[in-house]
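A short write-up of the structure that comes next.
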Amino acid sequence: MKVLVATDKPFAKVAVDGIRKEIEAAGYELVLLEKYGEKAKLLEAVKDANAIIIRSDVIDAEVLDAAKELKIVVRAGAGYDNVDLEAATAHNVCVMNTPGQNSNAVAELAFGLMVMAVRNMYNGTSGTELKGKKLGIHAYGNVGRNVARIAKGVGMDIYAFDAFCPKEVIEKDGVKAVDSADELYATCNVVSLHIPATAETKNSINYALVNKMPKGGLLVNTARKEVINEAELIQLMEERPDLKYVTDIMPAANETFAAKFAGRYFSTPKKMGAQTAEANINAGIAAAQQIVGFLKDGCEKFRVNK
Numbered sequence: 157m158k159v160l161v162a163t164d165k166p167f168a169k170v171a172v173d174g175i176r177k178e179i180e181a182a183g184y185e186l187v188l189l190e191k192y193g194e195k196a197k198l199l200e201a202v203k204d205a206n207a208i209i210i211r212s213d214v215i216d217a218e219v220l221d222a223a224k225e226l227k228i229v230v231r232a233g234a235g236y237d238n239v240d241l242e243a244a245t246a247h248n249v250c251v252m253n254t255p256g257q258n259s260n261a262v263a264e265l266a267f268g269l270m271v272m273a274v275r276n277m278y279n280g281t282s283g284t285e286l287k288g289k290k291l292g293i294h295a296y297g298n299v300g301r302n303v304a305r306i307a308k309g310v311g312m313d314i315y316a317f318d319a320f321c322p323k324e325v326i327e328k329d330g331v332k333a334v335d336s337a338d339e340l341y342a343t344c345n346v347v348s349l350h351i352p353a354t355a356e357t358k359n360s361i362n363y364a365l366v367n368k369m370p371k372g373g374l375l376v377n378t379a380r381k382e383v384i385n386e387a388e389l390i391q392l393m394e395e396r397p398d399l400k401y402v403t404d405i406m407p408a409a410n411e412t413f414a415a416k417f418a419g420r421y422f423s424t425p426k427k428m429g430a431q432t433a434e435a436n437i438n439a440g441i442a443a444a445q446q447i448v449g450f451l452k453d454g455c456e457k458f459r460v461n462k
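The sequence shown begins at 157 in my numbering and counts up one residue at a time.
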């Protein structure tokens, strides 16, 4: 069996070493394709691969057509919108992610963005504190739970909304469960987004929803760019100079946000939520372990396609 690690943005060496150890201990061959740049190189490399580990690399129908021997793709990370799930299913290829491996890294970044925002982007003026403020966690998955854990130490009043997570699960963690996104935004001074980009959630963070936030509201997005209705958020921030928006996914309208809302808006130059040494290693090794489990025992615990 041949396992291909196809990463235009490579894993750290220690992560690759960990992946290699897992794959070779199982008796499989590991092949690296790093910094490949051109899609043609990926298409060539996948021809005889039985399994692929990727990061943000795109696996579409063209790649799947070329990968005649492919059985499984594992996205090292939580998000998997860079993989065409329908095409994978049509090619009888299992797709997995590695949920939880990057969660603490993303949660810590969300808090870093919060602190920077409430302290006026460190511009030397007097800001506010997070202690005692109401924090809304929009989606209570692995990242949301880590955000709640950190928020307890900061002394925040924590609320969460998740349409798919039972209230008792949320409240068992000492977090107040609310009945709707509308209620979450109307209640909280700070809202931290952790929803995936789906047909239902794209553009769902819009004028009407964010406008429910109290005066001085702060929206933090470490989820996905596509969930924000950028035109409506720009309109709202023009009308409400009390609102702030910070994100680690640069909006398509970044130049407009930056020009109009200096001191109230910040975006990292690229998505950085999982960009820590620890997350890099954890996700890579988890991906290797899941491939071994699938190839040897048929384990599909983290499968994300039908």
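A virtual CB, placed ideally from N, CA and C, is assigned to each residue, including glycine. Please read these numbers as outputs of a predicted model, since none were measured by experiment.
Inter-residue Cα distance where the pair is residue i and residue j
{"i": "Lys289", "j": "Val310", "result": "10 Å"}
{"i": "Lys191", "j": "Pro166", "result": "7 Å"}
{"i": "Cys455", "j": "Tyr278", "result": "48 Å"}
{"i": "Asn359", "j": "Lys426", "result": "20 Å"}
{"i": "Ala337", "j": "Ala316", "result": "9 Å"}
{"i": "Ala261", "j": "Leu188", "result": "25 Å"}
{"i": "Asn367", "j": "Leu392", "result": "7 Å"}
{"i": "Glu395", "j": "Thr284", "result": "22 Å"}
{"i": "Met369", "j": "Gln257", "result": "31 Å"}
{"i": "Ala387", "j": "Ile361", "result": "11 Å"}
{"i": "Ala415", "j": "Asn377", "result": "19 Å"}
{"i": "Leu160", "j": "Asp313", "result": "46 Å"}
{"i": "Glu505", "j": "Glu218", "result": "What is shown of the chain runs 157 to 462, which leaves residue 505 out entirely."}
{"i": "Val271", "j": "Tyr341", "result": "19 Å"}
{"i": "Gly235", "j": "Ala319", "result": "18 Å"}
For residue i, the residue or residues it bridges with in DSSP
{"i": "Gly292", "result": "Tyr315, Val347"}
{"i": "Thr403", "result": "Asn377, Ser423"}
{"i": "Cys250", "result": "Ile228"}
{"i": "Ala168", "result": "In the DSSP output, where bridge partners are listed per residue, Ala168 has none listed."}
{"i": "Arg459", "result": "Met252"}
{"i": "Ile361", "result": "Ile384"}
Residue from the options with nearest C-alpha to residue i
{"i": "Val383", "options": "Val172, Thr281, Glu356, Phe320", "result": "Glu356"}
{"i": "Ala222", "options": "Asn362, Lys452, Ala243", "result": "Ala243"}
{"i": "Ser423", "options": "Gln445, Lys400, Val347, Ile437", "result": "Lys400"}
{"i": "Pro397", "options": "Gly193, Leu374, Leu226, Asn362", "result": "Leu374"}
{"i": "Pro407", "options": "Glu395, Glu394, Tyr421", "result": "Tyr421"}
{"i": "Ile405", "options": "His350, Ile441, Ala444", "result": "His350"}
{"i": "Arg301", "options": "Val219, Gly330, Asn276, Ala415", "result": "Gly330"}
{"i": "Thr345", "options": "Pro322, Lys381, Arg380, Ala273", "result": "The residue you asked about is not Thr; residue 345 is Asn in the sequence shown. Considering only alpha carbons, the answer is Ala273."}
{"i": "Glu185", "options": "Asp216, Lys457, Ala444, Glu386", "result": "Ala444"}
{"i": "Glu200", "options": "Thr254, Ala181, Leu220", "result": "Leu220"}
{"i": "Asp240", "options": "Ala433, Leu269, Val249", "result": "Val249"}
{"i": "Ala168", "options": "Glu434, Ala319, Leu451, Ile306", "result": "Glu434"}
{"i": "Val303", "options": "Thr163, Ala379, Asp216", "result": "Ala379"}
Reduced DSSP secondary structure (H/G/I, E/B, other) of residue i
{"i": "Ser259", "result": "helix"}
{"i": "Glu185", "result": "strand"}
{"i": "Asn410", "result": "helix"}
{"i": "Arg275", "result": "coil"}
{"i": "Thr163", "result": "strand"}
{"i": "Arg176", "result": "helix"}
{"i": "Ala243", "result": "helix"}
{"i": "Lys158", "result": "strand"}
{"i": "Ala222", "result": "helix"}
{"i": "Lys332", "result": "strand"}
{"i": "Met270", "result": "helix"}
Residue i CB to nearest heavy atom of the ligand SAH below 7 Å
{"i": "Ile441", "result": "By its list of ligands, the structure shown contains no ligand whatsoever, and the ligand SAH lies outside what it can speak to."}
**Inside the segment 189-216 only - beta strand (DSSP E) runs reaching at least 3 residues** = 207-210
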